[in-house]
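Chemist: Please see the structure below; I have some questions.
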């Protein structure tokens with residue numbers, strides 16, 4: 007059993023901490039969709055699908071899938087395709103290049119502007135039932151779900167850090183997607199929400 011001190015109590019960490027393992031492969035940091043620092047990715051959905059309550063959409067995106075927004079990629083106003091849900095087969099193609107550290111999973115990517123460091127770690131397991139409740143319109147099955155801390159650094163002094171509950175779903179067409187369900191301001195807020203949600 008892996009444990010950590012949390013609020014002066016012993017908090018049991020997820021079994022494969024810090025990894026999220028699916029079909030014996032560690033999921034890549036590329037699979038975790040977050041609200042960009044610019045907000046442009048969510049803003050594109052808000053404009054295309056006329057979402058009025060932007061705060062609720064950004065904090066509880068899981069309940070908008072299928073009901074208002076698609077799982078599949080959309081065309082953006084700047085000429086690229088984006089998706090808030092990530093197809094596991096596509097985003098996990100570079101899984102062999104991952105660095106598994108003691109307390110996080112890291113992927114380093116490089117382009118003409120330099121290196122980008124992507125990180126994540128699983129923080130707390132979420133029940134499959136409550137995972138499904140956070141995405142009530144999805145037609146499929148939640149296979150696993152966690153509170154996850156996702157971070158990104160593009161080589162400067164600033165590192166973004168986000169906290170989401172994600173669910174790994176098998177949809178009715180057998181496609182598998184990692185889907186952001188609910189956003190939090192902090193680790194503490196996420197853990198407290200799960201404890202209340204799970205009735206602990």
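In our numbering, the protein residues as written are 7 to 206. Glycine included, C-beta positions come from ideal geometry on N, C-alpha and C.
Measuring only the C-alpha atoms, how far is residue 208 from residue 108?
Modeler: No information on residue 208 is available, as it lies outside the stretch 7 to 206 that the chain covers here.
Chemist: Whose CA, out of 28, 31, 30 and 43, lies closest to the CA of residue 157?
Modeler: Nearest C-alpha to residue 157: 43.
Chemist: Taking just the CA atoms, how far does residue 128 sit from residue 201?
Modeler: Those two C-alpha atoms are separated by around 16 Å.
Chemist: Output the distance between the C-alpha atoms of residue 126 and residue 47, rounded to the nearest integer angstrom.
Modeler: C-alpha separation (whole angstroms): 20 Å.
Chemist: Quick test of your reading: residue 174 and residue 192, contact by CB under 8 Å. State the CB separation rounded to the nearest angstrom.
Modeler: Between residue 192 and residue 174 the Cβ distance is about 23 Å, and since that is not below 8 Å, they are no contact.
Chemist: Quick one: what's got a C-beta closer than 8 Å to residue 41's C-beta in the same chain, skipping five residues either side?
Modeler: Cβ neighbours of residue 41 beyond the five flanking positions: 47, 48, 64, 168 and 189.
Chemist: Any idea which residues DSSP pairs residue 97 with across the strands?
Modeler: None; residue 97 has no bridge partner.
Chemist: On the criterion of 16 or more Cβ atoms from any shown chain inside 10 Å, does residue 16 qualify as buried, or is it exposed?
Modeler: For residue 16, the predicted structure reports a pLDDT of 48, less than 50, and the residue's modelled location is therefore unreliable. A value from the coordinates is still provided. Exposed: under 16 other Cβ atoms inside 10 Å.
Chemist: So, are the CB atoms of residue 165 and residue 111 less than 8 Å apart?
Modeler: No.
Chemist: Are three or more beta carbon pairs between the region 20-36 and the region 78-88 nearer than 8 Å?
Modeler: They do not touch, by the three-pair rule.
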